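If you read the sequences in order, they're chains Y and B. Numbering of the first sequence is given in the numbering used here, commencing with residue 2 and proceeding in unit increments. Numbering of the second sequence is given in the numbering used here, commencing with residue 139 and proceeding in unit increments. Note that the Cβ used here is the ideal one computed from N, Cα and C, for glycine as well. As the structure is a computational prediction, the values presented were derived from the model and not from experiment. Below you'll find the structure, written out as structure tokens, and then a few comments.
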Amino acid sequence: MIPRHLGIAVSVLLVAVFAMSLYAWHMRGRAAATPVPATDTRPVVAPIAGATERVTLFVADDELGMLRGQSAQIPLPGVRQQRAEEVLRALIAVYLDKSSPHPLPPGSEIRSVYLVDPGLAVIDVNAAMADGHRSGVLVEELTVASLIETLSANVPGILKVKILVEGNQRETLAGHADLADFFDISAVNLLATQMQSNQ
Amino acid sequence: MLSMSNIAGFETFKNSVRSFGHRSAKNSVIGGRTWRRSAFIIFLLFAALLPAAPADKHLSIYSTAANYSLPIVQRQGHDYVGLLEVLDPLGSVSAKLEGTRWRIHYNNILGEFTADKTRALVQGRDADLPAKFLIEDGRGLVPVGSLSSLLPRFLGGPATLHEESDRLFIGNVATHFTASVARDDASQLVFHFSGPVNPSIASEPGKLQMTFTHDPVAAPASPTLTFGSKTIRSATYSESNGAAEITVAASTPLFVSFSSDGRTITLSPAKSQSAAAVASNSNPPQKPVQSSSGPQSATAASSASSPSTFSAPRRYFAVVDASHGGTDRGEALSPTLAEKDVTLAFAHLLRQELESRGIATLILRDSDANLSLDDRASFANTTHAAIYVALHATSTGHGVRLYTAMLPYEDSEDHGPFRPWGTAQLSSIPISQVTAANLAESLRKIEIPVRTLTAPLRPLNNVVIAAVAVEVAPPASDVSALTSPDYQQLIAGALANGIFAMRGQLGGAP
């Protein structure tokens with residue numbers, strides 16, 4: 002003879018199992034009806050290990066046709082090459098903002114910066130930045146001068162700069178600014194000085 | 139229309155009819171003559187219905203040395219022309235055939251071609267042809283389409299090919315024209331040409347055609363020009379088979395008169411007197427034309443003379459470069475407006491302004507053609523001009539920007555007497571900057587906002603003479619103002635004034 006309290010306990014457990022099964026079946030149906038989000042293929046940016054430092058970004062302004070020095074606080078790693086990349090990424094972030102005075106195409110990125118002694122820096126930008134860049138002498142020159150001047154202001158010792166697109170040499174940025182040659186830092190410094198006044 | 143080929147066919151046909159008649163005579167002597175008459179009548183009907191044989195194709199070549207025309211032959215679906223014949227009137231040329239290799243010497247430049255190959259060597263550099271090189275009876279035939287890239291290698295200057303109309307312009311020889319209603323008589327239309335012209339003229343009811351076979355007349359900015367005249371409504375420019383044609387739509391018969399040594403053509407209504415009567419009384423430079431049911435030629439006697447005219451090579455003071463061109467459209471200023479078109483129109487205006495101040499000017503790109511940056515610099519350097527001006531247009535900002543070269547990084551390596559191509563501008567940077575400052579001053583005088591900057595903008599750094607790039611932005615936010623004749627004229631005039639003021643410092647006689 003099964004004790005009465007045991008029978009009640011088993012019955013309660015059976016009802017609970019039945020209810021849980023119903024709930025699980027219901028949840029499965031809802032999960033199937035929910036669309037699966039597209040896979041985000043963007044690489045996860047490694048967390049930057051380093052103290053936050055004040056840097057100077059030379060930001061272009063299309064309306065005035067000028068370059069303006071602008072301070073920013075960004076975490077900077079200790080390795081020189083990574084510092085160069087982070088400074089330029091901070092600059093690109095300014096340009097990708099909706100209120101940017103010099104908008105760059107969506108998806109513009111700095112792929113890498115290579116520092117080769119003595120004094121050579123190679124900036125490798127992605128195709129989205131070059132392919133979607135607006136065409137024009139001044140508008141292209143502002144982008145080039147802004148990248149190089151920002152790099153040279155924050156990473157000392159650079160004498161010449163080469164700009165690549167997706168790792169390859171390109172004739173011009175968007176039909177005007179010459180990317181085939183090495184930029185002379187002293188010439189770009191002079192240009193940046195000219196560009197800090199709108200005369 | 140009965141053409142020569144149809145007449146030749148007639149002779150053959152008559153002979154076959156004759157022999158057929160002889161064969162028929164064996165069967166029926168009476169029916170022979172009847173057959174021949176019938177066949178002859180049938181032939182005449184047939185000949186009348188046959189379309190005229192297609193006209194022979196010709197390539198018209200215009201240069202400072204000579205204007206001439208060469209026959210085009212069709213081979214393997216492509217148009218070909220003899221390269222030796224093209225170069226012969228332009229300088230000292232000789233050719234030699236060695237097996238399948240054909241060598242041509244033009245002055246000191248060697249070109250090597252191989253039969254049935256699409257790659258040639260000119261001055262040791264590869265040159266790709268759009269179709270195979272052919273040798274026929276010792277003659278070297280090149281595709282007509284290759285001339286625009288081959289000739290600059292031989293001649294050291296630009297060659298612009300209008301491939302669809304078989305017209306080739308070597309150097310800055312194009313004759314430009316304007317057409318406007320006469321100020322003192324609204325019924326008259328006046329054409330002003332930048333050089334003497336001698337067209338053949340024909341008329342049909344409602345229109346008058348001027349055909350320029352031996353004159354390097356070039357297209358105006360718009361192919362159709364309209365006038366607010368009831369008598370003369372419009373003029374349309376077209377090109378085909380080595381000739382340019384201006385067709386004037388008019389409601390009455392027109393008289394044509396020439397003045398200013400053939401630089402001005404005036405069209406006026408025939409009014410009451412008979413055109414034919416005027417024709418017999420007219421002065422030699424006047425070309426009366428009467429309306430008729432079919433085209434009627436009134437070609438001047440001089441146009442039937444030798445097609446070649448000779449003049450000394452021209453020395454240029456300024457080289458104007460309409461940036462971009464061909465497949466390189468430059469900035470898309472609007473959905474329908476490309477930078478290359480604005481720079482070309484602006485280049486024509488600037489040349490006009492410079493020439494009106496007595497400054498001989500060469501336009502590097504005179505049509506919608508591809509021209510590499512290296513070629514632009516080479517042409518600018520070899521003309522030995524005093525100043526190079528590259529023209530750009532933009533939708534961003536306002537006013538005008540003037541750029542001088544920002545030289546690339548140069549290593550300290552000793553190049554001896556040679557200068558690296560990338561820094562060829564080095565010794566001319568001071569004069570380029572002075573010129574840019576002068577042009578800026580000239581623009582400020584007419585209250586155009588202007589900036590002067592250096593720029594990594596080729597080919598400025600490859601040019602050895604004073605070199606300035608001009609980027610024109612709209613006066614306000616409206617991009618279409620870039621094409622406004624008034625705005626372009628204002629800027630072109632100011633730039634021409636600035637260059638004119640600098641001519642003493644730039645050196646050389648305009």
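Check                                                                                                                                        : Outcome
Nearest neighbour of residue 365 of chain B, chosen from B:565, B:321 and B:300 [CA to CA]                                                   : B:321
Interface flag, residue 145 of chain Y vs chain B, CB-CB below 8 Å                                                                           : yes
Beta-carbon contacts of residue 335 of chain B that lie in its chain and below 7 Å, excluding the five residues immediately before and after : 313, 350, 353, 355 and 400
Member of B:242, B:326, B:244 and B:583 whose CA lies at the smallest distance from the CA of residue 406 of chain B                         : B:326
Assigned exposure category for residue 219 of chain B - 16 Cβ within 10 Å defines buried                                                     : buried
Distance, residue 482 of chain B Cα to residue 387 of chain B Cα                                                                             : 28 Å
As assigned by DSSP and simplified to three states, the class of residue 617 of chain B                                                      : helix
Chain B contact residues for residue 192 of chain Y, given Cβ-Cβ distances below 9 Å                                                         : 544, 591, 592, 593 and 594
Cβ shell of residue 197 of chain Y (< 8 Å), same chain only, five flanking positions each side left out                                      : 67, 68, 69 and 70
Residue 166 of chain Y versus Y:129, Y:151 and Y:136, residue with shortest Cα-Cα distance                                                   : Y:129
Selection from B:564, B:375 and B:307 that minimises the alpha carbon distance to residue 329 of chain B                                     : B:375
Whole runs of the alpha helix (DSSP H) within the stretch 465-535 of chain B, excluding any shorter than 4 residues                          : 477-494 and 511-520
CB contact below 8 Å: residue 189 of chain B versus chain Y                                                                                  : Legend: pLDDT at residue 189 of chain B = 44, less than 50; position of this residue unreliable, value from coordinates given subsequently. No, residue 189 of chain B does not count as interfacial toward chain Y.
Contact list for the stretch 146-159 of chain Y against chain B, Cβ threshold 8 Å                                                            : none
Three-way DSSP call (helix, strand, coil) for residue 427 of chain B in this model                                                           : With a pLDDT of 38 at residue 427 of chain B, under the threshold of 50, the modelled position of that residue is not reliable, and the figure given next carries that caveat. Reduced to three states, the DSSP call for residue 427 of chain B is coil.
Strand pairing of residue 592 of chain B, partner residues [DSSP]                                                                            : B:542
First through last residue of the alpha helix (DSSP H) which encompasses residue 205 of chain B                                              : Where residue 205 of chain B is concerned, there is no enclosing alpha helix (DSSP H), although the beta strand (DSSP E) it sits in stretches over 205-209.
Residue 341 of chain B CB to nearest heavy atom of the ligand ADP below 7 Å                                                                  : Here there are no bound small molecules, and the ligand ADP is not part of this structure.
Within-8 Å CB hit, residue 446 of chain B to chain Y                                                                                         : Low confidence applies here, because residue 446 of chain B scores a pLDDT of 34, under 50, leaving its location unreliable and the question unanswered by this model.
Straight-line Cα distance separating residue 15 of chain Y from residue 30 of chain Y                                                        : 23 Å
Selection of the stretch 172-188 of chain Y by Cβ proximity to chain B, strictly under 7 Å                                                   : 176, 177, 178, 179, 182, 183, 184, 185 and 188
Residues near residue 160 of chain B by beta carbon distance below 7 Å, same chain, minus five either side                                   : Note that residue 160 of chain B scores 40 on pLDDT, short of 50, meaning its location in the model is unreliable and no value can be drawn from it.
Beta-bridge pairing of residue 346 of chain B - partner residues as DSSP gives them                                                          : B:341 and B:386
CB of residue 288 of chain B within 8 Å of CB of residue 228 of chain B, strictly                                                            : no
Residues that DSSP places opposite residue 221 of chain Y in a beta bridge                                                                   : Shown here, chain Y extends from 2 to 200; a query on residue 221 of chain Y therefore has no answer.
Cα-Cα separation, residue 261 of chain B to residue 156 of chain Y                                                                           : 46 Å
Three CB pairs or more closer than 8 Å across the stretch 171-181 of chain Y and the stretch 135-146 of chain Y                              : yes
Residue 367 of chain B and residue 319 of chain B closer than 8 Å at C-beta                                                                  : yes
Closest residue to residue 585 of chain B among B:519, B:628 and B:532 (Cα-Cα distance)                                                      : B:628
Strand pairing of residue 374 of chain B, partner residues [DSSP]                                                                            : B:362 and B:385
Closest Cα partner of residue 623 of chain B within the set B:488, B:607 and B:230                                                           : B:488
Inter-residue spacing [alpha-carbon to alpha-carbon] between residue 244 of chain B and residue 613 of chain B                               : 49 Å
Local conformation of residue 89 of chain B per DSSP, three classes                                                                          : Absent from the model: residue 89 of chain B. The displayed extent of chain B is 139 to 648, so no value can be given.
Proximity of residue 369 of chain B and residue 389 of chain B at Cβ, strictly below 8 Å                                                     : yes
Residue from B:458, B:304, B:232 and B:197 whose Cα sits closest to the Cα of residue 497 of chain B                                         : B:458
Residue 113 of chain Y - partner residues in DSSP beta bridges                                                                               : Y:125
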